[in-house]
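Protein chains in written order, with the numbering used here: chain E, 1 to 275; chain H, 276 to 680.
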């Protein structure tokens, strides 16, 4: 029986002239927890956005198991962006319900599922509160509940523990592992290698828009001939990382000229020295 | 309910819920328009009236400089509201030369100085005052009014002295009947004309400006707060997202405009009881066309503003673009007020913004010219479609989430 859930074939993504991703191919199988590991600007978020159908590939294809495109199969996806994306004037439950309704799920159904996961995350007492005063951890947990409420087949998590305290990060990681044990497929982006090792069954190292390695932690060690994953990562990403924010288009034309007009030049190296 | 409609209404409802939970926006967009016209038409005239009454009760100090005075001149100025003092005439060649009056007027010792001197069979006079002082202006007005009456009496006396009929001599052409009766326009039509001079302007500016804040909040605001990315990963198309947001902004704008019209109706109703202005005469068909004109305008404006706000990378950037964009409405709106509606060329009804404003003006005058209606309706529909397409294009841009990375 074929376990493939999503197939990424020779995908490249360009922003202007900047190559954010270069010829990426991977297969996401049912029940896997895949760690996307890479430095800032490696292309993890771009890849996640492609998987979520927010971006369209410049080259290549992304196809769901049933042959449909990612855009068409978005009701199978649960997405937690790095920013969490909660509305501060809505309560936690209203935020969850809003996304569930747009997924076409009935309120009773999403409420039952939310209650189930909220108990695991210790969020039940906060579901009726406006998210304005929520801590980063509570926001992250709410975003997770929101992504789970419509029972997705594939969960895309962009740095779900970034900025969280130890306890909150631990709770989130525990839930991810539980979900994995329940058969959920999860793509988990992080730049913390130990975290990926702790949570994921498969690790993909992304560097400068390319997949440098893809396998279980053991396979990565074998591939690089190193004894720790950290050393393996350093070996795989030994070339200098490119500057961050490859998606941010540089200002063009008039904007660039205007900005340059009011931007003083930096002093040349050693410019203060008297000749 | 079909799923597209369900998603659009879900998006619109959520936007409206968020909107009503912010009391500051409610005050700015819904409370102010209700109060604007009643304040302008009821409270403002009352304040003016109170100020005028206060001025009437003032006693002004007037200095009369003369070596000799014609008969009855002094008594013409001796009213309880004028405190009259006398002084010798300054040695000036021209009566308006300031002389000693300069210091007296500037220091506020007197509010006006009247100079009079004989000149053969006539008299010469001048009133000196300080135009920057309200009290001095009031003193001048009272003096001129009283001197005008004295001059009228003097003229009559002189005509009688030479055996002439003052009425026949001074007014050989006399109006017969009531001036108001000479106007065949009904009071309702006259009211329509008066209102057509500013209602289109206010409606247009308000429609545009009340859509700015929600448009920014629902686009650049979402982008800045990072909520847009999560939304774009949902199984709804960007067109559904645009229409949901458009529906919400249009509802808020329509509510603001309707409340403004309600406030205006109340103010006109209040004024109608005091015979200042009547309710404009409009048939039901005209009212319906008026609503269509405003609706088409709102569709265009909201789509245009959503598109501009979506192009911006932040709330600040969107505000700095949409704020000055009000001028795009204001200038044509002001210009439209001076266009003569009689014999107007057809092309005016096809120019964006101007077409709707002219339509509103005509309709408030209860005029329905079918060819005009056809042109403004078709051109407005075309502009609304173009604006919607432009907005859809902006919503389809892939880089609307890039600043979040």
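Backbone N, C-alpha and C define an ideal beta-carbon position, used for all residues, glycine too.
Need the endpoints of the alpha helix (DSSP H) that residue 652 of chain H sits in, please.
645–670
Which whole-angstrom value describes the C-beta separation of residue 147 of chain E and residue 155 of chain E, a residue pair presumed to lie in contact below a C-beta threshold of 8 angstroms?
6 angstroms
Which same chain residues end up closer than 7 angstroms to residue 331 of chain H when comparing Cβ atoms and leaving out the 5 residues on each side of it in sequence?
none
Does residue 55 of chain E get closer than 8 angstroms to chain H when you measure Cβ to Cβ?
yes
For residue 362 of chain H, which beta-bridge partners are listed by DSSP?
H/340
When the cut-off is 8 angstroms and only beta carbons count, does residue 680 of chain H lie next to chain E?
Note that residue 680 of chain H scores 35 on pLDDT, short of 50, meaning its location in the model is unreliable; the coordinates nonetheless yield the value given after this. It does; some Cβ of chain E falls within 8 angstroms.
Only counting the same chain, and skipping five residues up and downstream in sequence, which positions put a Cβ closer than 6 angstroms to that of residue 161 of chain E?
169, 172
Touch check for the segment 26–43 of chain E and the segment 199–206 of chain E: three-plus C-beta pairs under 8 angstroms?
yes
Near residue 338 of chain H, what residues of its chain come up, given a Cβ to Cβ distance below 6 angstroms and the 5 sequence neighbours on each side ignored?
360, 362, 385, 388
Sheet register partners of residue 399 of chain H (DSSP bridge):
H/392
Taking 8 angstroms as the threshold (C-beta atoms), are residue 132 of chain E and residue 89 of chain E in contact?
yes
For chain E, check one thing: does any of its Cβ atoms lie closer than 8 angstroms to the Cβ of residue 676 of chain H?
yes
Under 8 angstroms, Cβ to Cβ, is there at least one residue of chain E near residue 297 of chain H?
yes
Along chain E, in chain order, which residues have C-beta atoms closer than 9 angstroms to that of residue 278 of chain H?
104
I think residue 370 of chain H touches residue 400 of chain H, with their Cβ atoms under 8 angstroms apart; what is that distance to the nearest whole Å?
7 angstroms
I need the DSSP call for residue 588 of chain H, collapsed to helix, strand or coil.
coil
Can you find a CB in chain H that lies within less than 8 angstroms of the CB of residue 191 of chain E?
no
Buried or exposed: which applies to residue 205 of chain E, given that a residue is buried once 16 or more other Cβ atoms fall within 10 Å of its Cβ?
buried
Cβ pair count under 8 angstroms reaching 3, the segment 574–584 of chain H against the segment 489–501 of chain H
yes
Terminal residues of the continuous beta strand (DSSP E) containing residue 202 of chain E?
202–207
How many Å lie between residue 479 of chain H and residue 520 of chain H at the Cα?
21 angstroms
Could you pull the start and end residues of the alpha helix (DSSP H) that residue 538 of chain H belongs to?
513–548
Start and end of the beta strand (DSSP E) containing residue 137 of chain E?
Per DSSP, residue 137 of chain E belongs to no beta strand (DSSP E); it is in the alpha helix (DSSP H), 136–148.
Give me the residue from H/368, H/409, H/524 with the minimum Cα distance to residue 391 of chain H.
H/368
Assuming the contact rule is C-beta atoms closer than 8 angstroms, residue 76 of chain E and residue 152 of chain E should be a hit. Round their C-beta distance to whole Å, please.
6 angstroms
Per DSSP, the bridge partner or partners of residue 301 of chain E:
Since the first residue shown for chain E is 1 and the last is 275, residue 301 of chain E is missing from the structure and cannot be characterised.
Nearest-angstrom Cα distance between residue 679 of chain H and residue 64 of chain E?
Confidence is the limiting factor: at residue 679 of chain H the pLDDT is only 38, short of 50, which leaves the residue's position unreliable, though a coordinate-based value still follows. When rounded, the distance between both Cα atoms is 26 angstroms.
Give me the Cβ distance between residue 436 of chain H and residue 403 of chain H, rounded to the nearest whole Å; I'm assuming they're in contact under 8 angstroms.
The pair is not a contact, with the Cβ atoms about 32 angstroms apart (cut-off 8 angstroms).
Evaluate contact between the segment 4–15 of chain E and the segment 48–61 of chain E, counting only Cβ atoms and requiring at least three cross-stretch pairs below 8 angstroms.
yes
Exposed or buried, residue 683 of chain H, counting other C-beta atoms within 10 Å across all chains shown (16 or more means buried)?
Examination of residue 683 of chain H is not possible in this model, given that chain H is present from 276 through 680 alone.
With a threshold of 8 angstroms on Cβ separation, who are the neighbours of residue 333 of chain H within its own chain once the five nearest residues in sequence on each side are excluded?
356, 410, 413
Could you work out which residues of chain H lie near residue 52 of chain E, taking near to mean beta carbons separated by less than 7 angstroms?
508
Please confirm whether residue 48 of chain E and residue 214 of chain E have their CB atoms less than 8 angstroms apart.
no
Determine the contact status of residue 118 of chain E and residue 86 of chain E, defining contact as a CB-CB distance below 8 angstroms.
no
Measuring only the C-alpha atoms, how far is residue 181 of chain E from residue 513 of chain H?
35 angstroms
Any chain H beta carbon closer than 8 angstroms to residue 255 of chain E:
no
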